[in-house]
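Written below as structure tokens is the structure these notes are about.
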Amino acid sequence: DARVTQTPRDKVTEMGQEVTMRCQPILGHNTVFWYRQTMMQGLELLAYFRNRAPLDDSGMPKDRFSAEMPDATLATLKIQPSEPRDSAVYFCASASGYRELFFGEGSRLTVL
Amino acid sequence: KNQVEQSPQSLIILEGKNCTLQCNYTVSPFSNLRWYKQDTGRGPVSLTIMTFSENTKSNGRYTATLDADTKQSSLHITASQLSDSASYICVVSAHAGGTSYGKLTFGQGTILTVHP
């Protein structure tokens, strides 16, 4: 049963701490997305990669957020330093080419 | 500016009843329209993907319609079940050219609650 795997599922941290979220896309998918979901804004695109190359990270606050794909099986989203306004659910999604998008279960981040 | 508007924001119905959710969009150039179901605490799951030439697409008790002329879509749920309680998100993709993944514009979602 192919699925996008995200860790951690839940993270509570204090303001100023570094947070790293990880995503394992579905094997063979070459397009990976990071989204953030809040009650107020809904789903917002933070970054997306195709064949591990970043294609669009315009939605990401560059001063504190960074996204990478060290290899085809791992995507990371890092926040340093974290702030309370970063509290949200972060979703990773993957797709093969430009076909159907599959989402992970999300990482719920709470920054105190 | 590309926008996707969904209505109603929330809806409560009784189990067994039908309901219709609406989606209006101003995304251009249009590539495809997707409906996702998101259960509480879970990631969105795709229900349908419709391209310009498709007017209707069904997935079990879910039927999506698309009117590309008026830029409207609807999602009809037949004989609702308690498990249909979720947020339903309309997502419209704009053409990006070549094989690039088009930019997705997300609606705010309709929260459906099905009561026994």
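Going down the list, the sequences are from chains A and B.
Residues in the first sequence are numbered from 34 upward in steps of one, following our numbering.
Residues in the second sequence are numbered from 8 upward in steps of one, following our numbering.
C-beta: ideal position from N, C-alpha, C; glycine also.
No experiment lies behind these values; they were computed from the predicted model shown.
Examine chain A for any beta-carbon lying closer than 8 Å to the beta-carbon of residue i, and answer yes or no.
i       : result
B/ILE84 : no
B/PHE37 : no
B/PHE59 : no
B/GLN88 : no
B/GLY67 : no
Assuming residue i is part of the beta strand (DSSP E), what are its boundary residues?
i        : result
A/ARG83  : 75 to 83
A/GLU101 : 98 to 104
A/ASP43  : 43 to 46
On the criterion of 16 or more Cβ atoms from any shown chain inside 10 Å, does residue i qualify as buried, or is it exposed?
i        : result
B/GLN10  : exposed
B/THR55  : buried
B/LYS44  : buried
B/SER90  : exposed
A/ASP119 : buried
A/GLN139 : Note on residue identity: the sequence assigns Gly, not Gln, to residue 139 of chain A. Under this definition A/GLY139 is a buried residue.
Counting only C-beta atoms, is residue i closer than 8 Å to chain B at any point?
i        : result
A/PHE124 : yes
A/LEU60  : no
A/LEU134 : yes
A/GLU156 : No statement about residue 156 of chain A is possible, as the shown extent of chain A runs from 34 to 145 and does not include it.
A/SER75  : A small fix is needed here, since residue 75 of chain A is Gly in this sequence, not Ser. Chain B contact via Cβ: present.
Which of the three DSSP states is assigned to residue i in this structure?
i        : result
A/LEU145 : coil
A/PRO117 : helix
B/GLY90  : Reading off the sequence, residue 90 of chain B comes out as Ser, not Gly. Of the three classes helix, strand and coil, the one that applies to B/SER90 here is helix, per DSSP.
B/LEU21  : strand
B/PHE37  : strand
B/THR77  : coil
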